[in-house]
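*Asks:*
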Amino acid sequence: MALIVPKQSLLPYNQMEKLFEPLLKVQNELIQQNDIIYDAKKAAVSVIINNLDEMNPTILLIKRNEYDGHHSGQMAFPGGKMDESDGDLLETAIRESLEEIGVDLKNKDFKTLQPVWVKVSNFLLFPYLTFVDKNHEFEINKREINRIFEIPVSFFRNQEFLKAHQIEINGEKFWSPYFEYENETIWGATAIIIYQNIYLKDPFTIN
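At position 154 of the sequence shown the residue is numbered 154 (the UniProt record's numbering), and the sequence of numbers has no breaks.
1) Can you look up V103 in the DSSP assignment and give me helix, strand or coil?
2) Residue ranges of each beta strand (DSSP E) run of no fewer than 3 residues wholly in the UniProt domain "Nudix hydrolase" (40 to 181), ordered along the chain?
3) Relative to the alpha-carbon of T205, which residue among K119, K111, E160, E21 has its alpha-carbon at the smallest distance?
4) For the stretch 56 to 70 against the stretch 28 to 41, are there 3 or more C-beta pairs whose distance is under 8 Å?
5) Could you compute how far the alpha carbon of A2 sits from the alpha carbon of N51?
6) Report, in whole angstroms, the separation of the C-beta atoms of E99 and N141, which I expect to be a contact under 8 Å.
7) DSSP has I186 in a bridge; who is on the other side?
8) Report the rounded CA-to-CA distance for D35 versus A189, giving the unit in angstroms.
9) By the three-class DSSP mapping on this structure, what secondary structure does D202 have?
10) Could you give the residue range of the alpha helix (DSSP H) that holds Q27?
11) For a test of the three-state rule: what should DSSP assign to Q33, helix, strand or coil?
12) Exposed or buried, R143, counting other C-beta atoms within 10 Å across all chains shown (16 or more means buried)?
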């Protein structure tokens, strides 16, 4: 990923979100287009917030193993492609979380977040937010997952750690958010989901 960070003189930190308004606008338009709704592959992820320590809740991310594919080695939420056996996309998110990290979310309440279209792989990605209040014994699927991260929610709500790089959609360039944590880059659809639902909003008040 080639990062092109805007000079701070162009825009104060407290207004940096203005950079991302065009991207969010075009994403909102794209996910309503019939060719994407019907032709894009469907996938779902679980956005898991651990609220065991109410003073310092954490959000769970995984680092995928290296492989020959578009999302090799990326930081992501647990999740994956919808199977024919899945009743719906929420079931996909729950199944994938169990398969990838050994966390059973079957009896949890979920909040449906806005989907994101992933151009490079033509996936329409559906995120589902849920809260847990205990430390899990993770069972990592080592064929797919390299490592699990539990990152403080406060990290993603701090404008100091919000960064920008340029991407291209249908020939037009947009600024897109990304974050860096422990020498790992969180970008793409994962960063957009975090930006929309953690940075811009209080995740504990999302209906």
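For every residue, glycine included, the Cβ atom is placed at its ideal position computed from N, Cα and C.
The model shown is predicted, which means the values in this text are computed figures rather than measured ones.
*Replies:* Taking the structure as given:
1) coil
2) 41 to 50, 58 to 64, 79 to 81, 116 to 118, 123 to 132, 145 to 152, 163 to 169, 172 to 181
3) K111
4) no
5) Residue confidence for A2 is low, a pLDDT of 48 falling below 50, so the modelled location carries little weight; the figure read from the coordinates is stated next. CA-to-CA, the gap between A2 and N51 works out to about 35 Å.
6) 6 Å
7) F179
8) 19 Å
9) coil
10) 21 to 30
11) coil
12) exposed
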